[in-house]
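Taking it in order: structure first as structure tokens, then the write-up.
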Amino acid sequence: MRDTRNKFYEEVILAGFGGQGIMLAGKLLAQTAMKAGKEVTYMPSYGAEVRGGTAKCMIIVAEGKIASPLVGRPDSLIVMNKASLNKYASHLKAAGLLVMNSSLIKNAPQLDETIDVLAV
Numbered sequence: 349m350r351d352t353r354n355k356f357y358e359e360v361i362l363a364g365f366g367g368q369g370i371m372l373a374g375k376l377l378a379q380t381a382m383k384a385g386k387e388v389t390y391m392p393s394y395g396a397e398v399r400g401g402t403a404k405c406m407i408i409v410a411e412g413k414i415a416s417p418l419v420g421r422p423d424s425l426i427v428m429n430k431a432s433l434n435k436y437a438s439h440l441k442a443a444g445l446l447v448m449n450s451s452l453i454k455n456a457p458q459l460d461e462t463i464d465v466l467a468v
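Numbered according to our numbering, the sequence shown spans residues 349 to 468.
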């Protein structure tokens, strides 16, 4: 549940295959936010396989208290493969940000026109 009194509150999902650096990227984002004095939750989720299985982490960064570490509808979604894009793109909030790995994802799906798409 989002505390609307927060001046800054960002929910992020990073997802891809195991071995693509999803957990490292999530940890770096969380640690950087903590060093900046923000409240942070970091919740990793691994598939059964070590490499090649699914990897996802949910991060919330806020200026105030965070009620739950779970992210249902992220403000930002960073995906490293097509399977993760297909699974999580529909959860992205309107006016959100989608960052996708253009090496493995050639076309973004039809999304709300308010969503910014960045292919890197």
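Beta carbons are placed, not taken as given, at the ideal position from N, Cα and C, and that holds for glycine.
Let me check one thing: in DSSP terms, what residues is residue i bridge-paired to?
i, result
"aspartate 464", "Leu445"
"phenylalanine 365", "Thr402"
Using CA atoms only, rank isn't needed, just tell me which of the options is closest to residue i.
i, options, result
"lysine 375", "Gly366, Phe365, Thr389, Gly364", "Thr389"
"serine 480", "Gly369, Lys430, Asp460, Thr402", "Residue 480 lies beyond the range of the chain shown here (349 to 468); nothing can be said about it."
"asparagine 434", "Gly395, Thr380, Lys454, Gly369", "Lys454"
"threonine 402", "Leu377, Thr380, Leu362", "Leu362"
"alanine 415", "Glu387, Tyr394, Ala442", "Glu387"
"valine 409", "Ser432, Val468, Thr380, Leu466", "Thr380"
"lysine 383", "Glu411, Gly366, Ala443, Glu461", "Glu411"
"glutamate 358", "Thr462, Lys413, Glu461", "Lys413"
"serine 432", "Pro457, Ala442, Ala443", "Pro457"
When you compare the CB positions of residue i and residue j, do they come within less than 8 Å of one another, or not?
i, j, result
"glycine 364", "valine 427", "yes"
"alanine 407", "valine 447", "The residue you asked about is not alanine; residue 407 is isoleucine in the sequence shown. Contact: no."
"leucine 452", "alanine 437", "no"
"leucine 440", "proline 417", "no"
Grab me the residues of residue i's own chain with a C-beta within less than 6 Å of its C-beta, minus the 5 sequence neighbours each way, in chain order.
i, result
"leucine 445", "Ser424, Asp464"
"proline 392", "Met371, Cys405"
"leucine 377", "Ile407"
"alanine 467", "Met448, Ser450"
"alanine 373", "Leu362"
"valine 419", "Glu359, Ile361, Met406"
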